[in-house]
Structures are given as C-alpha cells and as structure tokens.
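Reading through the structure tokens given below for one structure.
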Amino acid sequence: MFETLNAHSDPESVRKAAREGFLNGPTAGLASGFVQVNLVILPEADAAGFLRFCQANPKPCPLLAVSEPGSRICKALAADLDIARDVPGYRIYRNGVVSESAADVAGEWRDDLVTFALGCSFTFEHALMQAGLRVRHIEQGRNVPMYQTSVPLTSAGGFSGKLVVSMRPFAAADAIRAIQITTRYPQVHGAPVHLGDPSLIGISDLNAPDYGDFVSVGDDEIPVFWACGVTPQQVLVDSGVEFAITHRPGHMLVTDIPDNSLALF
1 MFETLNAHSD PESVRKAARE GFLNGPTAGL ASGFVQVNLV ILPEADAAGF LRFCQANPKP
61 CPLLAVSEPG SRICKALAAD LDIARDVPGY RIYRNGVVSE SAADVAGEWR DDLVTFALGC
121 SFTFEHALMQ AGLRVRHIEQ GRNVPMYQTS VPLTSAGGFS GKLVVSMRPF AAADAIRAIQ
181 ITTRYPQVHG APVHLGDPSL IGISDLNAPD YGDFVSVGDD EIPVFWACGV TPQQVLVDSG
241 VEFAITHRPG HMLVTDIPDN SLALF
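Here UniProt numbering is used: position 25 in the sequence shown is 25, and no number is missing along the way.
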C-alpha cells in the first residue's frame with residue numbers, strides 16, 4: 001500500500017504511512033490538492049511570545065491553526081491525526097541547538113506543549129503544476145532547496161532572526177505566471193519575496209542550499225524565492241529556546257484541508 005504513495009494519495013494514507021514508519025522522506029508532491037503545514041511545537045510558557053512573532057512576520061509564518069496545550073490532535077487540520085507521530089521526520093531542540101532527529105516524538109510529548117501549524121509552499125505547488133508549470137524539485141524527486149538570507153525579521157515575543165527562503169527556477173514567462181498563481185495563496189507564503197540575483201538577499205551560492213537539495217537553474221531561467229516555513233526553525237536556534245519540536249525541513253504534516261479553500265480568488 002505505502003509503496004504507491006504519490007500525488008494521488010489521500011492525506012490519511014500519507015499520515016498513516018508516516019505513523020507506521022513506512023514514510024520517512026520529503027512530502028513534496030504527495031497528496032496533491034491538500035494543504036501541507038510546517039509545525040512548531042513549544043511549551044505553553046513560550047507560546048504567547050511565538051504567537052506575537054507569527055503575527056509580526058506573516059509572510060514566513062502564516063498561522064493556520066494552534067492546538068490546545070498538551071493535545072496531540074487538532075480538528076482544524078484533520079479528523080484522524082496524531083501530531084506526535086504523523087510527520088515523516090521531526091527535529092528536537094534543546095537550549096537553542098538541534099539535539100536530534102526522530103521518526104516520532106511521542107516519547108518527548110508533554111502536557112504543556114502547544115502546536116503551531118504554519119502554511120507551507122508545498123501547498124501552492126499543486127496549483128502551479130495544474131497551470132502547466134514545471135516544478136523542478138518534484139520532477140527530480142528531491143526536496144526543495146532552501147537558503148538562509150540576510151533579510152531581517154521583525155523581532156517580537158522574545159523571538160528574532162533572519163528570513164529563510166525556498167527557491168524554484170522558472171523561465172521568465174513562467175516566473176510571471178508563478179507570481180500570479182502564488183499571490184492567490186497568502187496563507188501558504190503567497191507571492192515570492194525575491195527573484196533574480198540571489199546575492200541581493202545574502203545568498204552566496206545557489207549550488208549549496210542550507211536545507212533541502214540542490215536543483216539546477218538553466219541559463220534561460222530565473223531563480224524565484226518564496227518565504228519559507230523553515231524560517232521559524234532557524235529562529236528557534238537564534239533565539240536559544242530551551243525546548244521545541246519541529247518537522248524536519250521538507251517533511252511536512254499533510255492535512256485534510258483542500259488547497260482551493262485557501263485561494264483568495
């Protein structure tokens with residue numbers, strides 16, 4: 001069953017595959033048509049501050065849902081859901097450092113943990129492909145390339161840092177179309193934040209992403225950069241949080257929310 005996971009898979013099957021240990025790779029291209037989310041899981045003592053940070057930085061941190069403290073379910077995301085087990089890979093942070101990766105975090109769960117679900121650009125990729133645009137990392141079976149930038153975020157709630165972006169290359173005409181399409185999805189990062197010369201946002205080498213996998217950019221193509229939901233992960237490190245859990249970059253929680261429900265028009 002799980003060997004056939006692909007764009008046509010339903011969200012529950014993807015979550016079940018992750019829960020049972022059969023899926024441990026990136027979720028780009030899986031369960032097309034359904035929203036994928038980034039996760040940030042923090043103790044309740046830090047949750048109010050992080051909420052203010054998201055509100056101050058809606059482009060990289062578009063907030064879709066917040067759980068009750070200690071709850072491993074969130075009906076706003078899916079009916080059959082275990083937040084501690086339904087992601088293909090997690091990161092655990094201790095004292096501002098990524099201390100380990102894990103296939104599930106049930107053993108780390110605490111009664112005071114609050115889950116923040118943030119929009120992910122994997123969601124609008126379905127709309128791009130429906131429009132006939134080619135998404136390079138999906139074609140190549142890779143994780144999307146992600147880069148740290150020099151763009152400062154708005155400090156709030158005790159959190160601060162710099163923007164992380166994801167990159168997809170397009171020919172000029174396709175880049176314009178991609179901008180038009182993704183603008184319709186502000187809850188999953190919306191329109192790009194930059195296109196063209198990566199050095200203008202502090203990226204020195206496109207061939208060496210900080211997260212994800214390298215993809216080629218043709219001589220006739222423009223690199224297009226979107227705000228990325230990995231941004232909070234870097235912020236957790238920069239802010240030195242005592243304890244936190246996130247997804248591994250590119251290893252998202254697949255929800256039951258249809259993509260088109262987030263489109264503005």
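All residues carry an ideal CB built from backbone N, CA and C; glycine is no exception. All figures in this text were calculated on a predicted structure; none of them were measured in a lab.
Have a look at residue i and residue j and give me their C-alpha separation to the nearest angstrom.
i	j	result
Phe34	Thr27	12 angstroms
Gly245	Val151	Strictly speaking, residue 245 in this sequence is Ile, with Gly absent from that position. Taking the straight line from one Cα to the other gives about 24 angstroms.
Lys162	Leu236	11 angstroms
Ser73	Phe22	Reading the sequence as shown, one finds Ile at residue 73 and not Ser. Their Cα atoms are separated by approximately 21 angstroms.
Pro169	Ala131	16 angstroms
Leu128	Ala102	32 angstroms
Ser199	Ala175	19 angstroms
Val37	Trp226	15 angstroms
Leu5	Leu253	15 angstroms
Met1	Val87	Low per-residue confidence applies at Met1: pLDDT is 46, beneath 50, and the placement is therefore not dependable, though the value from the model is reported in the following sentence. Roughly 18 angstroms between the two C-alpha positions.
Pro192	Phe243	31 angstroms
Ala18	Asp256	15 angstroms
His194	Lys75	35 angstroms
Of the choices the options, whose alpha-carbon is the least far from that of residue i?
i	options	result
Gly190	Lys59, Ala106 and Pro69	Lys59
Arg136	Asp213, Thr115 and Val193	Asp213
Glu12	Phe116, Gly21, Ala31 and Val97	Ala31
Ala208	Met146, Ile201 and Asp82	Met146
Asp112	Ala17, Gly29 and Pro69	Pro69
Asp197	Arg19, Pro186 and Pro223	Pro223
Arg142	Tyr93, Asp220, Ser160 and Phe122	Phe122
I'd like the list of long-range same chain contacts for residue i, defined as Cβ closer than 7 angstroms, with 5 residues on each side in sequence excluded.
i	result
Gln140	Val215
Asp10	Ala31
Once DSSP output is grouped into helix, strand and coil, what is the label at residue i?
i	result
Gly49	helix
Met1	Bear in mind that a pLDDT of 46 at Met1, under 50, signals an unreliable position, so the model cannot answer this.
Ser101	strand
Ser199	helix
Met129	helix
Ile257	strand
Skipping 5 residues on each side, what residues in its chain have a beta carbon closer than 6 angstroms to that of residue i?
i	result
Tyr211	Met146, Val230 and Pro249
Ala7	Gly29 and Ser32
Ser166	Ser121, Val144, Met146, Trp226 and Cys228
Cys54	Cys61 and Leu63
Glu100	Ile92
Would you call the segment 230-241 in contact with the segment 173-182, where contact means no fewer than 3 C-beta pairs closer than 8 angstroms?
Segments in contact, no.
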